[in-house]
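Chemist:
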Amino acid sequence: MRQALGKGIDALISKVQNNDISHDIVQKIPIDTIRPNRWQPRKTFDEAPLAELVQSIKEHGLLQPISVWKDADGSFELIAGERRWRACKAAGMKEVEAIVKRDLSDQQKFGLSLIENIQREDLNAIDHALAYKQLMEEFDISQTDIARKLGKSKSAVSNTLRLLELEEDIQKGIQAGVISEGHARALISIPDKAKRKEAYERILTDKISVREIETYAQNFHERRPRAKTKGDGRRKNPEITGLEASLEKHLGTKVEITPGSNPENGKITIHYYSLDDFDRITRILKK
2 MRQALGKGID
12 ALISKVQNND
22 ISHDIVQKIP
32 IDTIRPNRWQ
42 PRKTFDEAPL
52 AELVQSIKEH
62 GLLQPISVWK
72 DADGSFELIA
82 GERRWRACKA
92 AGMKEVEAIV
102 KRDLSDQQKF
112 GLSLIENIQR
122 EDLNAIDHAL
132 AYKQLMEEFD
142 ISQTDIARKL
152 GKSKSAVSNT
162 LRLLELEEDI
172 QKGIQAGVIS
182 EGHARALISI
192 PDKAKRKEAY
202 ERILTDKISV
212 REIETYAQNF
222 HERRPRAKTK
232 GDGRRKNPEI
242 TGLEASLEKH
252 LGTKVEITPG
262 SNPENGKITI
272 HYYSLDDFDR
282 ITRILKK
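All you need for my numbering is the position in the sequence shown, starting with 1, plus 1.
And the structure:
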């Protein structure tokens, strides 16, 4: 599976984006002959929306066919539409309408499955990130290529992938829907893991907003002990220390002012700890 698809993956993406099903067959197939997708990016299925979908299917039928591929033994494997397939089974349907794709290699199945699913807006951010990671590892394509081929910005892909740096329990919280993607992006800008865990627990227990977590993250460095000396060990001028504190409060990150060889020059160093943090700081500076 490690071998890259090259132009093949471009062709698959184009096919999905253009809804080109001229060579596919739409037919009703026995629901029990379908097995779940082994490369399904979605890891969790919320029971409440699934129950609503079951009720909708009972009342109105399946409005959009699922997508499957047919194996040599006559069985079918899902490409996209596992929620709809599960709901149809729960609704007691014996057959389901499906777009049947044929003559695909395992590599093409894998690529098409990921592409079909990651373009769905109802995937959570962690499942999106895991799908991006799979595409990068299995097909040796860059974040830039993923962004271009899926119509997203590189920073959007990069920021989503950074969520995989969060602790496992926080990732599971995102997948389960107990915290939002906005909460997650604010949490990852807190570099101290213990403080990040503390903030996560506050989201769960106190139901604090995304804005409150963003404010906590912005003020994090202001609350940390700050160095009071120059690199040569001499104590900094109190005026410079005061300016550093003022800039840190405004920017929500660590700031260092280093005087130069004369009073008219020097440098200001602004620290950032994640791409989200960088974007936040640059927005402030541009105002």
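Cβ atoms here follow ideal geometry from the backbone N, Cα and C, with glycine treated the same way.
These numbers come from a predicted model, not from an experiment.
Got a sec? Which residues, its chain only, sit under 6 angstroms from Glu182 by beta carbon, not counting five neighbours each side?
Modeler: Locating residue 182 in the sequence shown gives position 181, where the first residue counts as 1. Here the set comprises Ala126.
Chemist: Return helix, strand or coil for Ala148, following the three-state DSSP convention.
Modeler: Position 147 of the sequence shown holds residue 148. Three-state DSSP puts Ala148 in a helix.
Chemist: With three or more C-beta pairs closer than 8 angstroms as the rule, is the stretch 60 to 69 touching the stretch 77 to 88?
Modeler: Yes, the stretch 77 to 88 is in contact with the stretch 60 to 69.
Chemist: If we call anything under 8 angstroms between Cβ atoms a contact, is Glu98 one with Lys196?
Modeler: Start at 1 with the first residue of the sequence shown, and residue 98 comes out as number 97. Start at 1 with the first residue of the sequence shown, and residue 196 comes out as number 195. For Glu98 and Lys196, no; Cβs fall outside 8 angstroms.
Chemist: Determine the direct distance from the alpha carbon of Gly62 to that of Glu48, and round the result to whole angstroms.
Modeler: What you label residue 48 is simply residue 47 of the sequence shown in a count that begins at 1. What you label residue 62 is simply residue 61 of the sequence shown in a count that begins at 1. Going from the Cα of Glu48 to the Cα of Gly62 covers about 19 angstroms.
Chemist: To the nearest angstrom, report how far apart Arg284 and Leu276 are at their CA atoms.
Modeler: Counted from its first residue, the sequence shown places residue 284 at position 283. Counted from its first residue, the sequence shown places residue 276 at position 275. About 12 angstroms.
Chemist: Between Pro260, Thr216, Val158, Asn263, which has its C-alpha nearest Glu249's C-alpha?
Modeler: Stepping through the sequence shown from its first residue, residue 249 is reached at position 248. Nearest C-alpha to Glu249: Thr216.
Chemist: Determine which residues share a DSSP beta bridge with Arg85 and list them.
Modeler: Locating residue 85 in the sequence shown gives position 84, counting from the first residue. Paired residue(s): none; Arg85 is not in a bridge.
Chemist: Under the DSSP definition of a beta bridge, which residues are partnered with Ala99?
Modeler: Working through the sequence shown from its first residue, we reach residue 99 at position 98. Gln28, Ile67, per the DSSP bridge assignment.
Chemist: Go through its chain and collect everything with a Cβ distance to Asp278's Cβ below 6 angstroms, but skip five positions before and after it.
Modeler: For the purposes of this step, residue 278 is identified with residue 277 of the sequence shown, where counting begins at 1. Once the five neighbours on either side are set aside, the close Cβ partners of Asp278 are Ser190.
Chemist: Measuring alpha carbon to alpha carbon, tell me which residue in Gly261, Asn160, Lys198, Leu165 is nearest Arg281.
Modeler: One-based indexing of the sequence shown puts residue 281 at position 280. It is Asn160.
Chemist: From which residue to which residue does the beta strand (DSSP E) around Thr259 run?
Modeler: As a working mapping, residue 259 is identified with position 258 in the sequence shown. 256 to 260 is the span of the beta strand (DSSP E), which, as asked, contains Thr259.
Chemist: For Gly243, which three-state DSSP category applies?
Modeler: Taking the first residue of the sequence shown as 1, we reach residue 243 at position 242. It is helical.
Chemist: Where Ala184 and Ala73 are concerned, what is the direct C-alpha to C-alpha distance, given to the nearest angstrom?
Modeler: On the sequence shown, residue 184 is found 183 positions in, with the first residue counted as 1. On the sequence shown, residue 73 is found 72 positions in, with the first residue counted as 1. Checking the sequence shown, residue 184 turns out to be His, not Ala. Each residue's alpha carbon lies about 46 angstroms from the other.
Chemist: Return the first residue and the last residue of the beta strand (DSSP E) that Thr161 is part of.
Modeler: On the sequence shown, residue 161 is found 160 positions in, with the first residue counted as 1. Element bounds for Thr161: not the beta strand (DSSP E) but the alpha helix (DSSP H), 155 to 163.
Chemist: Thr270 lies in the beta strand (DSSP E); which residues open and close that run?
Modeler: Within the sequence shown, numbered from 1, the residue matching residue 270 stands at position 269. Element bounds for Thr270: 267 to 271.
Chemist: Taking its Cβ as the centre, do 16 or more other Cβ atoms sit within 10 Å of Val158, making it buried, or is it exposed?
Modeler: Residue mapping note: residue 158 aligns to position 157 of the sequence shown, counting from 1. By the 10 Å Cβ count, Val158 comes out buried.
Chemist: Given this structure, state the Cα-to-Cα distance separating Ile214 from Ala187, to the nearest angstrom.
Modeler: Position 213 of the sequence shown, counting from 1, holds the residue named residue 214. Position 186 of the sequence shown, counting from 1, holds the residue named residue 187. Ile214 and Ala187: Cα-Cα distance of roughly 6 angstroms.
Chemist: If the criterion is Cβ atoms closer than 8 angstroms, does the pair Tyr201 and Ile171 meet it?
Modeler: Taking the sequence shown and counting its residues from 1, one reaches residue 201 at position 200. Taking the sequence shown and counting its residues from 1, one reaches residue 171 at position 170. In contact: Tyr201 and Ile171 (Cβ atoms closer than 8 angstroms).
Chemist: Between Ile241 and the rest of its own chain, which residues show a CB-CB distance below 6 angstroms, the 5 nearest in sequence each way excluded?
Modeler: The residue given as residue 241 occupies position 240 in the sequence shown. Cβ within range, chain order: Ile258.
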